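**Student:**
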Amino acid sequence: MRFAISLLVFICVASLIGTVLPQNQAANTYIDQFGPFWFAVFDQFSIWHIYNSPWFLLIMAFLVVSTTLCVMRNTPKMLRDMRTFREYVRGSSLKAFHHKVDVDSALAPDQAVEQVGALLRSQGFRYRVRVDGDSRMVAAKKGAANRLGYIFAHVAIVVICLGGLLDSELPVRLQTWLFDKQPIVGNMLISDVPESGRLSARNPSFRANMLIPDGKQSSMGIIAAGQGVLLQPLPFTIHLKKFYIDYYDTGMPSDFRSDVVVTDLETGASFERTIQVNEPLHYKGVTVYQSSFDDGGSTLALKAWPLSGTQAQPQELSGAVGSQARLPAALGGETVDYTGLRVINVENMAAAGDPQPTSLIRDVAAVTGSAARARDENLRNVGPSVQYRLIGADGQAHEFTQYMLPVAVDGFPMFLLGTRNTPSEAYRYLRIPADDQGTMQEFMQLRAALADPAQREEAARRFAAANAPDGEQRDLMFQAAQGALRTFSQRGFNGIIESAPADQREKILNFAVPMIQLSLQELRALMRERQHLPALSSDGSQAERQAQWLRLSVLALATLPDYPAPVALQLSTFEHVQASVFQVARSPGKITVYIGCLLLVLGVFSMFYIRERRVWVWIRPSETGSSWLAAMTTQRRNLDFNHEFERLRDALRRLGGSQ
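If you count by our numbering, then the sequence shown holds residues 6 to 664, one letter each, in order.
(1) DSSP beta-bridge partners for residue 340?
(2) Verify whether the separation of the beta carbon atoms of residue 632 and residue 625 is less than 7 Å.
(3) For residue 215 versus residue 195, is the C-beta spacing smaller than 7 Å?
(4) Answer yes or no: do residue 36 and residue 44 have a C-beta to C-beta separation smaller than 7 Å?
(5) Let's test the definition: count the other Cβ atoms within 10 Å of the Cβ of residue 537 and tell me whether it reaches 16, buried, or not, exposed.
(6) Could you give the DSSP three-state label for residue 543: helix, strand or coil?
(7) How close, in whole Å, do the beta carbons of residue 262 and residue 295 come, if the pair is a contact with beta carbons under 8 Å?
(8) Note down, in chain order, each residue of its chain lying with its Cβ closer than 8 Å to the Cβ of residue 120, except the 5 sequence neighbours on either side.
(9) At what residue ranges does the stretch 125 to 175 contain a whole run of the beta strand (DSSP E), taking only runs of 3 or more?
(10) Rounded to the nearest angstrom, what separates residue 372 and residue 74 at their Cα positions?
(11) Whole angstroms are fine: how far does the CA of residue 349 sit from the CA of residue 535?
(12) Give me the residue from 220, 236, 609 with the minimum Cα distance to residue 193.
(13) Short check: CB of residue 425 to CB of residue 447, under 7 Å?
(14) What runs of the alpha helix (DSSP H), each 4 residues or longer, lie entirely inside the stretch 527 to 592?
(15) Quick test of your reading: residue 243 and residue 265, contact by CB under 8 Å. State the CB separation rounded to the nearest angstrom.
(16) Looking only at C-alpha atoms, which of 206, 228, 218 sits nearest to residue 187?
(17) Measuring only the C-alpha atoms, how far is residue 465 from residue 483?
(18) Which one of 480, 57, 27 has the shortest CA to CA distance from residue 179?
(19) Tell whether a beta-carbon distance below 7 Å holds between residue 410 and residue 422.
(20) Examine the Cβ distances between the stretch 486 to 505 and the stretch 449 to 468 and report whether three or more of them are shorter than 8 Å.
(21) What are the boundary residues of the alpha helix (DSSP H) that includes residue 276?
(22) If you follow the beta strand (DSSP E) that residue 291 is part of, which residue opens it and which one closes it?
(23) Measuring alpha carbon to alpha carbon, tell me which of 108, 149, 17 ends up nearest residue 82.
(24) Going straight from the alpha carbon of residue 375 to that of residue 252, what length do you get?
(25) Comparing alpha-carbon positions, which option in 39, 134, 167 lies nearest residue 72?
(26) Give a yes or no on whether the C-beta atoms belonging to residue 189 and residue 234 are separated by under 7 Å.
(27) Is the beta carbon of residue 9 less than 7 Å from the beta carbon of residue 589?
(28) Ordered along the chain, which non-local residues of its own chain (more than five positions away) have a Cβ less than 6 Å from that of residue 135?
(29) With 16 as the cutoff for other CB atoms within 10 Å, does residue 103 come out buried or exposed?
(30) Within 10 angstroms of its Cβ, does residue 246 collect 16 or more other Cβ (buried), or is it exposed?
(31) Give me the Cα-Cα distance between residue 365 and residue 469, rounded to the nearest whole angstrom.
(32) Count the other C-beta atoms from every protein chain shown that fall within 10 angstroms of the C-beta of residue 50, then say buried if there are 16 or more, exposed otherwise.
(33) Please return the same chain residues whose Cβ sits closer than 6 Å to the Cβ of residue 528, not counting the five positions on each side in sequence.
(34) In whole angstroms, what separates the C-alpha of residue 204 from that of residue 184?
(35) Identify the residues that DSSP records as bridge partners of residue 229: which are they?
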């Protein structure tokens with residue numbers, strides 16, 4: 006019993022850790038939270054999926070075995086003790102009881118037995134009489150069901166643990182061990198998966214996921230197993246007719262649901278059903294939950310803007326969410342992985358800082374509690390955005406998010422190009438100002454012109470001619486502007502001050518920034534001349550807007566060398582395809598756990614609210630009639646028991662005629 010209690014305490018502590026620490030997250034999430042050293046330590050104990058870790062399941066099994074042995078050993082004794090009246094207690098031993106009373110009565114022993122029995126029966130006792138010569142022993146009891154509480158409570162622990170083991174990954178792991186099932190690690194079509202990667206359709210317990218795009222169907226669940234997955238066949242096919250999602254003004258989903266057609270693979274019978282959060286489908290022992298939603302492979306058309314070299318025109322690309330492609334060699338040749346498409350992005354435009362798109366988990370969690378808020382006038386739907394990863398030849402990857410339309414930042418439309426290294430980081434944004442046509446075209450042309458040595462030289466020459474007299478001073482100004490533009494195009498403002506002493510950097514920037522800005526103004530004018538575009542306005546509100554565009558462009562060009570990609574992918578058009586994510590489960594342990602909980606409630610109620618009381622009355626003949634020695638005992642002596650004994654004592658005294 007002590008061993009079982011120790012195991013139970015250990016399981017409670019482990020369950021507390023599993024409740025506080027989010028389970029089954031990506032490894033990077035835990036590395037960022039604990040650091041590489043402690044991640045390696047904790048990973049040895051599998052606390053990231055503690056409920057299915059081998060040591061947790063082993064402790065559960067030990068607890069089941071230990072408690073089962075305890076129940077098997079003690080239940081027969083408890084049942085025998087419940088049935089016996091213990092009438093063979095020696096009368097002389099009653100004198101050692103704490104709660105006892107002596108009564109002298111004028112009643113004969115047989116009459117006394119009859120009267121005492123009637124008294125005990127009126128107080129709810131059952132009794133039995135043992136005749137021992139001239140003496141009589143009346144043994145009574147009530148509340149024997151208290152012993153059932155101990156039995157029920159311990160059996161409940163076994164039943165609940167068995168239910169937990171049934172609904173754990175143990176049945177799947179047993180199949181992988183006993184039937185040589187091998188998780189699938191690479192990508193392949195379902196039809197190409199070998200039998201070793203498929204579980205039995207008669208699998209008694211499983212919990213799998215299904216992602217079904219609009220208009221598609223599936224009869225196969227996917228179960229994560231180690232570093233790969235196993236396929237779980239279902240006894241029916243789910244066809245997703247339509248996925249629906251509703252949003253709050255905050256951009257959070259208020260509800261999502263799926264209209265499906267279920268077809269029985271054995272009979273061919275079909276029926277329609279709507280599956281939504283908290284309203285699952287139950288069919289043939291399998292429960293289908295509306296778990297979340299995802300992109301079902303939306304098709305994308307994008308513009309790939311080069312961020313280096315003298316080429317300014319974008320290339321047209323196409324892709325689909327969930328697919329990979331290789332960029333043209335002229336754009337770096339990196340692998341692009343299209344990871345997501347968000348058609349709605351509601352941002353608080355009054356909040357400080359750059360927008361941070363919410364994760365899918367936060368989107369799904371919004372429907373478990375109301376995301377409705379008082380309407381905020383600063384909330385704006387800034388339009389669709391695309392998420393992708395660029396993977397270099399060295400395997401290093403960076404994540405990117407880019408809004409399709411310009412977003413008003415401080416009153417000026419800007420294209421936001423977000424990047425981060427890991428999912429735990431916030432996005433850092435490169436802000437590119439939109440031109441008069443609402444595109445990035447003019448900025449990209451200015452960037453390409455800045456990368457062209459010939460155009461840089463001409464712009465520096467024009468700057469020097471406009472800001473210095475003819476002669477040696479103009480030549481010095483020209484060389485300074487040319488060198489500053491060359492360094493600025495390669496490393497931004499950091500390149501200009503990186504070799505200067507710390508106390509001189511501010512003075513250098515105070516001179517270099519206006520020179521670079523005016524030189525870029527000349528470069529922009531030169532670029533527009535070569536593009537046969539009209540000259541920029543020099544007065545009025547239009548001139549102020551063009552000056553602001555140039556200031557923002559200077560800032561964007563200054564941070565461009567830190568942007569970790571040679572190309573920016575801008576979403577042009579898309580065809581959105583929704584997908585519903587279902588969780589399918591066969592949980593025989595659920596009923597077992599319910600039974601265990603019922604037994605636990607009955608056991609606790611019996612132990613705490615039913616008290617076993619036993620009474621012995623030893624009746625012996627005397628000169629005046631009979632002499633009684635009564636004693637009462639219980640497992641828990643509390644105030645209520647004391648009062649009950651006092652009532653019995655007084656009743657016996659009155660019955661015997663004693664004062």
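Quick reminder that beta carbons are idealized off the backbone N, C-alpha and C, glycines included. Computed from a prediction, not measured in an experiment: that's the story for all the values here.
**Tutor:** Per the coordinate set shown:
(1) 331, 396
(2) yes
(3) no
(4) yes
(5) exposed
(6) coil
(7) With a Cβ gap of about 6 Å, residue 262 and residue 295 count as contacting.
(8) 112, 660
(9) 131 to 137, 140 to 147
(10) Because residue 372 carries a pLDDT of 43, less than 50, the predicted location of this residue cannot be relied on, and no value is offered for it.
(11) 39 Å
(12) 236
(13) In this structure, residue 447 does not lie closer than 7 Å to residue 425 by Cβ.
(14) 545 to 564
(15) The C-beta separation of residue 243 from residue 265 comes to about 5 Å, placing the pair in contact by the 8 Å criterion.
(16) 228
(17) 5 Å
(18) Relative to the Cα of residue 179, the nearest Cα in the group 480, 57, 27 belongs to 57.
(19) no
(20) yes
(21) Boundaries around residue 276 are those of the beta strand (DSSP E), 275 to 281, since no alpha helix (DSSP H) includes it.
(22) 291 to 300
(23) 149
(24) In this prediction, residue 375 scores a pLDDT of 41, lower than 50, which makes its location untrustworthy; no coordinate-derived value is stated.
(25) Minimum Cα distance to residue 72 is reached at 167.
(26) yes
(27) no
(28) 92, 142
(29) By the beta-carbon neighbour count (other beta carbons within 10 angstroms, threshold 16), residue 103 is exposed.
(30) exposed
(31) Its pLDDT being 44, under 50, residue 365 is placed unreliably in this model, and the coordinates cannot settle the point.
(32) exposed
(33) 454, 464
(34) If you take the alpha carbons of residue 204 and residue 184, they lie about 9 Å apart.
(35) 234
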